[in-house]
Every structure is written in C-alpha cells, then in structure tokens.
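In the working numbering, the protein residues as written are 3 to 304. Cβ coordinates follow ideal geometry from the N, Cα and C atoms, glycine included. A quick note: this is a predicted structure, and the numbers were derived from the prediction, not measured.
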C-alpha cells in the first residue's frame, strides 16, 4: 500500500466516480481502476460497491477513508518538518487551542510572536481539552494550549497563566434578582441562580457547592464557552466563564462579576508529547510563550 494509491483512493471518494477522479488526476480511467483493484487485493477487502452511477463505500472503504486521510496529512506534515529542519525556523506551528483561549489570549500571543518570527505561520485547531489531547497523541498537532484538569502522563506541561472564574448575565436579569450593584459574587448567591455551564467546569463547581452545603441549579449544560457566553448575553441565566472568555460576551448590557472563591480558578497550560518530535517553529513558539508568561507572572495577563 503506497501513499500514491491512498491519494488516488481519496480522490475517487471525493469525486464520486472513477472517471471523475481520473480527470482530476489527469490519468486515463483504466490505470486508475487497476490501482483501486490492486489496493483491494492487497488489503483483502472490497472498498467500493459497484454498479451505481456514483461509487458507494463499503464499511471497509469507510474505515480506509478515515485512516487514509490521517496518513496523508501526517505525510505532508512530515515533509513540512523536513523542510523546516533544512531551512531553519520557518514553516507553520500546528497548534491546538481550547476555544476560550483561541479567541482571546492566543491572538495576542500570536501577534507578539509574529513580530519576532514573521516567517512562521500558524495552523490552529480548536476543540475541547480532551479532543486536543487526542489530536496531540495522534500527531495532528504538535502542541496544544489546554486547561486543567487532565491526565498529564507522557506530556511536557508548561503553566502559562491562572485566572478566576466569572459570573455573567444580562443587566435585566441581575436587576430582577436585586443584584445589579456588586463588586463580586459568592457561591451562596450563585446557588439561587439558574446557571449556564460549560461541562468542563461542572465537576469543579459541584464539588465547591457540595463542600459549602449548597445546591447547584443548572439551567443549561453545553460543550463550548462560546455557547455559555451567547446564552448569558440573551438573559437566559448566569453564565460561568473563565476570565479570558470575557471577550466572548457581545451584549453591552451583560454585566460580569468575579466569583469570590479561590477554589474556582482555571489554569492554562501549553503541552506537547514527551516522546514526539517538535519542529523548530513549534519549539520557538513554546519558548516564546514560557518567556512571555513568566514576565507577566502566573496570573492570566495576556
């Protein structure tokens, strides 16, 4: 099984027909059909259901489609890494970032880094911490900016900043609750509010509420800080967000209060696989982050 065969296979799937793929690849149809037949013989599986106008993948074909995409992407990444090694600190940083950081702190960090390394580009992949760690272990990203807690085995971890959690809600919501004029908010007050939670913080909040003998009232659980911010902007409840996610709030009438509780703090770390090769560009960016965050202190300053 060769990479060229996998590339041909992916083109056939994308175009939907052997003839369409042949035109795309500037090949005649018989050699391409032969390559697909040889691939099936080598794998011992039928990849396509013949007979229809548009090819249909078998279960084995769908599995190969998933694996082939990953293999071809890793091949291109390896080629780029070899070019970076030859040319020095150039190329692209393949970086994963949780959404709350990708839309707030990361652009500021990237702008400052770009001023020092203008020839380095970025490929940013956003997701939750666990999705990014999976991409890290598979090699699709070289490094990731994630939030605690997570399992740190076989990872090099660099603390970047620590920040408090915030409570955000529309001004009308706070006024109706008689809480429009505060400096900060405590758990006892939050226990009387319908909360909008990114699932990442649910266990942390439940533990703190339980320790204080309070009940947590959850109006909405979701999987993204941006969703929490949007629902809070609409006055549907009180959104719980890390401080760096404040920029996700778009309604000028949304009021934000720090949560008065040392247990509710979020740590942001840069991580990479301990045993994986790190490109010169990714290494330069991580060193830049460590230096910049050390200068600002471990406080969440951008």
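Three-state secondary structure (DSSP) of residue i
{"i": "residue 114", "result": "helix"}
{"i": "residue 259", "result": "strand"}
{"i": "residue 20", "result": "helix"}
{"i": "residue 98", "result": "strand"}
{"i": "residue 63", "result": "helix"}
{"i": "residue 35", "result": "helix"}
{"i": "residue 285", "result": "helix"}
{"i": "residue 46", "result": "coil"}
{"i": "residue 29", "result": "coil"}
{"i": "residue 234", "result": "helix"}
{"i": "residue 297", "result": "helix"}
{"i": "residue 75", "result": "helix"}
{"i": "residue 3", "result": "coil"}
For residue i, the residue or residues it bridges with in DSSP
{"i": "residue 40", "result": "Partner(s): none; residue 40 has no beta bridge."}
{"i": "residue 197", "result": "220 and 240"}
{"i": "residue 273", "result": "146 and 159"}
{"i": "residue 172", "result": "256"}
{"i": "residue 213", "result": "In the DSSP output, where bridge partners are listed per residue, residue 213 has none listed."}
{"i": "residue 187", "result": "261"}
{"i": "residue 58", "result": "51"}
{"i": "residue 267", "result": "166"}
{"i": "residue 93", "result": "122"}
Alpha-carbon to alpha-carbon, residue j and residue i
{"i": "residue 215", "j": "residue 180", "result": "23 Å"}
{"i": "residue 203", "j": "residue 217", "result": "15 Å"}
{"i": "residue 170", "j": "residue 261", "result": "10 Å"}
{"i": "residue 128", "j": "residue 137", "result": "10 Å"}
{"i": "residue 116", "j": "residue 296", "result": "19 Å"}
{"i": "residue 19", "j": "residue 3", "result": "21 Å"}
{"i": "residue 121", "j": "residue 206", "result": "41 Å"}
{"i": "residue 22", "j": "residue 16", "result": "9 Å"}
{"i": "residue 163", "j": "residue 228", "result": "20 Å"}
{"i": "residue 141", "j": "residue 148", "result": "16 Å"}
{"i": "residue 100", "j": "residue 40", "result": "42 Å"}
Neighbour-count burial assignment, residue i, 16 or more Cβ in a 10 Å radius
{"i": "residue 76", "result": "exposed"}
{"i": "residue 78", "result": "exposed"}
{"i": "residue 235", "result": "buried"}
{"i": "residue 289", "result": "exposed"}
{"i": "residue 51", "result": "exposed"}
{"i": "residue 195", "result": "buried"}
{"i": "residue 70", "result": "buried"}
Could you tell me which whole beta strand (DSSP E) segments of length 3 or greater appear in the segment 100-169? If we require 3 residues or more, the beta strand (DSSP E) runs fully inside the segment 100-169 come out as 122-129 and 145-149.
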